[in-house]
Amino acid sequence: MSRPEPPAEGFSEVVRGCFSEGARQYPSRARLQAAVAQRLAGLTARQGVRFPPGPLADLGAGSGLLSRSLEAALGPGPWQRIDACSPLLEQGAAENAALIHWDLNQGLPTSLQQPAALASSFALQWLEQPEQQLGTWCEQLQPGGWLILGVPTSGSFPLWHQAAAQAGVPCTALELPCAQRLIDCAQQRLQLHHAQVLRFSRPNRGGLWFLQQIKAIGAQASRSPKLNAGQLRRLLRAWPGPQQAIVWEVLVLLGQKR
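In this note's numbering, the protein residues as written are 56 to 313.
The following block contains the structure:
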């Protein structure tokens, strides 16, 4: 399989800029991301996973939530943390982790050869062509190597989509990958030990509050044009009340290279 085509730099730069702005607040406010990292680590430990000799990499590591959780559950890696956002990545500098500043839209770093494990949580959705990127990750694992993946998928944020449709304005939520297509992609290349789509709910405290929470951690990047003031007011007026929760759909997947 060929490597994904390098994307236009525009959106990748937008994502990097947003996460750089939110880097200071990310560790304390990215509660769902932390919960999914702990769930992935617990799943990996319960499955009795043993990695073959070789490099271990946390892809789109950010501040290191996933690799830190894996080390706590399985013992020291050491895990290489790979991310394009320096302010997030450097939060792990005091932990003696190997930090690699790299845009994963370009594939894996050339220094990462025959990895024994590739772990990634809440990162794949920010890349161009997520399904193709996932296929590349699977194929670059060494035989017996493991993929540990958590990614929000297209069933997320029905309330946001509903409000935008009712208001007659574009929905600026990031277009997320289809869970089943990602599962099919991985299953063609790996023996899947676990693949489950989870739904996480959070209280709905209003549209403005929700959008502010997204922005606070730097997750507001969108390929859609920003709403103008009038469109935003219409969206907020159409936002459902607290009886409807904010919902994330997250694919949790664990597989081993055949």
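Every residue gets a Cβ at the ideal spot worked out from N, C-alpha and C, and that includes glycine.
Under 8 angstroms between the Cβ atoms of residue i and residue j?
i, j, result
"Ala-218", "Trp-294", "yes"
"Leu-290", "Ala-234", "no"
"Leu-111", "Ile-137", "no"
"Gly-205", "Ser-176", "yes"
"Gln-135", "Leu-309", "no"
"Gln-188", "Leu-231", "no"
"Gly-115", "Ser-122", "no"
"Gln-246", "Gln-311", "yes"
"Leu-229", "Ala-276", "yes"
"Cys-140", "Phe-74", "yes"
"Ala-127", "Ala-178", "no"
May I have the straight-line CA-CA distance separating residue i from residue j, to the nearest angstrom?
i, j, result
"Gly-262", "Gln-195", "41 angstroms"
"Arg-316", "Ile-272", "The structure shown does not extend to residue 316, since the chain is modelled only from 56 through 313, so no value can be given for it."
"Pro-62", "Pro-207", "Because the pLDDT of Pro-62 is 42, which lies under 50, any placement of that residue in the model is unreliable, and the number read from its coordinates should be weighed accordingly. Approximately 21 angstroms between the Cα atoms of the pair."
"Leu-129", "Arg-105", "9 angstroms"
"Thr-99", "Gln-286", "44 angstroms"
"Gln-184", "Leu-306", "17 angstroms"
"Pro-82", "Ser-124", "13 angstroms"
"Val-302", "Asn-259", "9 angstroms"
"His-249", "Pro-164", "27 angstroms"
"Cys-226", "Trp-215", "7 angstroms"
"Ser-166", "Ile-155", "10 angstroms"
In this structure, what does DSSP give as the bridge partners for residue i?
i, result
"Gly-205", "Ser-176, Val-307"
"Val-302", "Ser-256"
"Leu-245", "Lys-312"
"Gln-251", "Val-307"
Using a C-beta cutoff of 8 angstroms, does residue i count as contacting chain B?
i, result
"Pro-131", "Given the protein chain composition of this structure (a single chain), no chain B is represented."
| Where in the stretch 96 to 131 do unbroken runs of the alpha helix (DSSP H), each at least 4 residues long, occur, reported from the N-terminal end onward? | 120 to 129
| field | Meets three-Cβ-pair contact criterion under 8 angstroms: the stretch 200 to 215 and the stretch 144 to 153 | value | As far as the Cβ criterion goes, the stretch 200 to 215 does not touch the stretch 144 to 153, which means the pair count is below three.
| Contact between the stretch 165 to 176 and the stretch 254 to 268 (3+ Cβ pairs under 8 angstroms) | no
| query | If you pair each beta-carbon of the stretch 76 to 93 with each one of the stretch 223 to 243, do three or more pairs fall below 8 angstroms? | reply | no
| query | In chain order, which alpha helix (DSSP H) runs of at least 4 residues are fully inside the stretch 132 to 175? | reply | 141 to 144
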